[in-house]
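Residue numbers (the numbering used here), protein chains in the order written: chain A, 1 to 155; chain B, 1 to 155. Beta carbons are placed, not taken as given, at the ideal position from N, Cα and C, and that holds for glycine. Notes follow the structure.
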DNA sequence: AAAAGATCATTGACAATTTCAACGATCTAT
DNA sequence: ATAGATCGTTGAAATTGTCAATGATCTTTT
């Protein structure tokens, strides 16, 4: 994410064969969205990643840090920092794993859930803005295709 | 891209609301694909980005470095390094802009085009592997939706 | 039941990347 | 002409990514 702007720039070069590369398209849309998202989350002292951790902590799924690392495509040590920060701010708590005492389950505090609710609605607005060129049906379709590409038909 | 593996990990947490966030889905699919792509390109001494620059250099579109930066969502200084490397290896050349003498137009050498052809076919295989959970029609649809989200219906 | 080997969170070191401010050269507008 | 913007480039600073080592705990093998 180099361009601080949201503008996705001259589509002139999109005519190249590379304008059809899934990898590049993913990178570009992701970069553009990150700027939007981080800008919106800054009001809450959050970034995309800490928001993701907070969301999962609020989900009731009781994720371990290892699961967070896998799911968010992060190194376990990065999760430590993310959780440290959220825990220091009282939004999240580490509790010992039930079957596995090595693992730490991340759960949200009441305050964390309040914060999450507010941040979530801000993010939804972002997403809507990011996909404004698509109809609602197309946006849903995009989501479904991305999920299927990642996890197969099962998810 | 933390996990060096291609495995996209436990979909258990995908049940969370965040498993529908476009931002996260893009990040995950992009991260997984990057590992694949960079692994394949390593045989040619290329990475995703240098390959992108090389591709645009081969496109006949005569992009300036500024255009490359915009299109690839990179800082202009990052493009300098990328082009430096490719130029040192004789794959690409800087030529002075026609209307604007500040600008540098990046074009490919004959050797650059040979390299590009080989790398391209390796990458196509990657993309196919990355999207193996999708049918061909779905992959095309995904491409079209990403393009529309980025550049609107026009592109 | 004990030992060996794997996995979890954590730390800290190191490398790579991103971001930013400054610069000379050139372009554009006043 | 002059003033202000833009292009590529450099280099420094901040952020991120990667990796190896550790103690605690789990799992598997004997």
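Beta-carbon separation of residue i and residue j under 8 Å?
i: residue 81 (chain A); j: residue 92 (chain A); result: no
i: residue 181 (chain B); j: residue 112 (chain B); result: For residue 181 (chain B) there is no data in the structure shown, the boundaries of chain B being 1 and 155.
i: residue 40 (chain B); j: residue 126 (chain B); result: yes
i: residue 44 (chain B); j: residue 115 (chain B); result: yes
i: residue 30 (chain B); j: residue 30 (chain A); result: yes
i: residue 52 (chain A); j: residue 22 (chain B); result: no
i: residue 36 (chain B); j: residue 119 (chain B); result: no
i: residue 26 (chain B); j: residue 33 (chain A); result: yes
i: residue 143 (chain B); j: residue 20 (chain A); result: yes
i: residue 103 (chain B); j: residue 64 (chain B); result: yes
Where does residue i fall in DSSP's three states?
i: residue 109 (chain A); result: coil
i: residue 135 (chain B); result: coil
i: residue 3 (chain A); result: Any reading at residue 3 (chain A) must be qualified, since the residue scores a pLDDT of 40, below 50, and its modelled position is unreliable; the value itself is stated next. In the structure shown, residue 3 (chain A) sits in coil (DSSP, three-state: anything other than H, G, I, E or B).
i: residue 141 (chain A); result: helix
Report the CB separation of residue i from residue j in whole angstroms; it is logged as a contact under 8 Å.
i: residue 150 (chain A); j: residue 28 (chain B); result: 6 Å
i: residue 106 (chain A); j: residue 94 (chain A); result: 6 Å
i: residue 13 (chain B); j: residue 61 (chain A); result: 6 Å
i: residue 139 (chain B); j: residue 131 (chain B); result: 5 Å
i: residue 69 (chain A); j: residue 79 (chain A); result: 5 Å
i: residue 50 (chain B); j: residue 86 (chain B); result: 6 Å
i: residue 152 (chain B); j: residue 133 (chain A); result: 5 Å
i: residue 121 (chain A); j: residue 59 (chain B); result: That pair is no contact at about 42 Å.
In terms of residue numbering, what span does the alpha helix (DSSP H) encompassing residue i cover?
i: residue 50 (chain B); result: 48-57
i: residue 22 (chain A); result: 22-41
Which parts of the region 70-107 of chain B are runs of the alpha helix (DSSP H), unbroken and 4 residues or longer, counting only runs that do not cross its ends?
-> 76-88
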